[in-house]
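Engineer: Here it is, the structure in full.
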């Protein structure tokens, strides 16, 4: 059998990973649709730039670094899982969860500042999109943290180690969405 | 299918370890460099060029994360097709709706 034939064959892909790719494809449709709508309106209404000027690029940048770092720690956890290195699995997954928590803390500070300045979900079209997209993303961060915690509790005892990679894949998807939200909402002003 | 059910709870196994491991640290530092570059471009106030570069680096970062961190480069070609199909649907949606956008009344943008 040639390499090309093996690449087209998916029966060797574990069910969990296949299912996760389907989940990721669905999530990309949800966020992709939102981003596409935002772009369409943003092109139509350049005056939204006035509202976009109020978002904090500094906090957005810190959160990007936090999420990128957490993506790195979660692949290190996966690497540790393959070596059955339980200590490092726990260490790297704990750091990942902490990064998720840090992301949410910075996001909360940002929300509080914006709401105090009078920017709410209904104050303008831009902020409707802003709160919807970042809020939905934040919920995914929470879901990722809970998943990570559950997987970590099992993995530290050597149970279901393959789930470390699956939880990591979900976490990378959360990171990917932020990679697009950051330039859209914080840089392109 | 029976074999898959049996093996999904066993790890590491040949089934789960069919992919390799790239140099994660190098990918991570490349991502950080690309991120810094896009932030710098945003500070330059060169609207069109900066936007193209910023979104270009975002796409580059996405490819790096998907290929290396999510191990897409080790996955079968059919999975790549599924991901590309999603992007194609999104592009079709964008270009399908785009002609209607100029008809949206200006007063909805407060």
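Chains as they are written, first to last, in my numbering: chain P, 1 to 189; chain C, 1001 to 1110.
Here a beta-carbon is modelled for each residue, glycine too, at the ideal position from N, C-alpha and C.
If you run the structure through DSSP and keep just helix, strand and coil, what is residue 27 of chain P?
Structural biologist: Here residue 27 of chain P sits in helix by DSSP.
Engineer: Are the segment 1082-1098 of chain C and the segment 32-51 of chain P in contact at 8 Å, needing three or more beta carbon pairs?
Structural biologist: They touch, by the three-pair rule.
Engineer: Of all the options P:112, P:99, P:137, P:158, which has the alpha carbon lying nearest to the alpha carbon of residue 84 of chain P?
Structural biologist: Checked all of P:112, P:99, P:137, P:158; the closest Cα to residue 84 of chain P is P:158.
Engineer: I need the straight-line Cα distance from residue 92 of chain P to residue 1050 of chain C, nearest angstrom please.
Structural biologist: Using only the alpha carbons, I get a separation of about 36 Å.
Engineer: Take residue 138 of chain P as the anchor and find which of P:103, P:152, P:114 has the nearest alpha-carbon.
Structural biologist: Considering only alpha carbons, the answer is P:103.
Engineer: Hey, does residue 24 of chain P have any beta-carbon neighbour from chain C nearer than 9 Å?
Structural biologist: So yes, residue 24 of chain P belongs to the interface.
Engineer: Could you tell me which chain P residues have their CB closer than 8 Å to the CB of residue 1062 of chain C, listed as they occur along the chain?
Structural biologist: Near residue 1062 of chain C (Cβ distances below 8 Å), the residues of chain P are 176, 179, 180.
Engineer: Give me the Cα-Cα distance between residue 29 of chain P and residue 1045 of chain C, rounded to the nearest whole angstrom.
Structural biologist: Approximately 31 Å between the Cα atoms of the pair.
Engineer: Using a beta-carbon distance below 9 Å, is residue 110 of chain P in contact with chain C?
Structural biologist: By this cut-off, residue 110 of chain P is not an interface position.
Engineer: With distance defined between alpha-carbon atoms, name the residue in C:1031, C:1022, C:1039 nearest to residue 187 of chain P.
Structural biologist: Nearest C-alpha to residue 187 of chain P: C:1039.
Engineer: Helix, strand or coil for residue 142 of chain P per DSSP?
Structural biologist: Helix.
Engineer: Under the rule that 16 or more other beta-carbon atoms within 10 Å means buried, what is residue 1005 of chain C, buried or exposed?
Structural biologist: Its pLDDT being 43, under 50, residue 1005 of chain C is placed unreliably by the model, and the measurement read from it follows with that caveat. Residue 1005 of chain C comes out exposed.
Engineer: Evaluate contact between the segment 1075-1083 of chain C and the segment 16-30 of chain P, counting only Cβ atoms and requiring at least three cross-stretch pairs below 8 Å.
Structural biologist: Segments in contact, yes.
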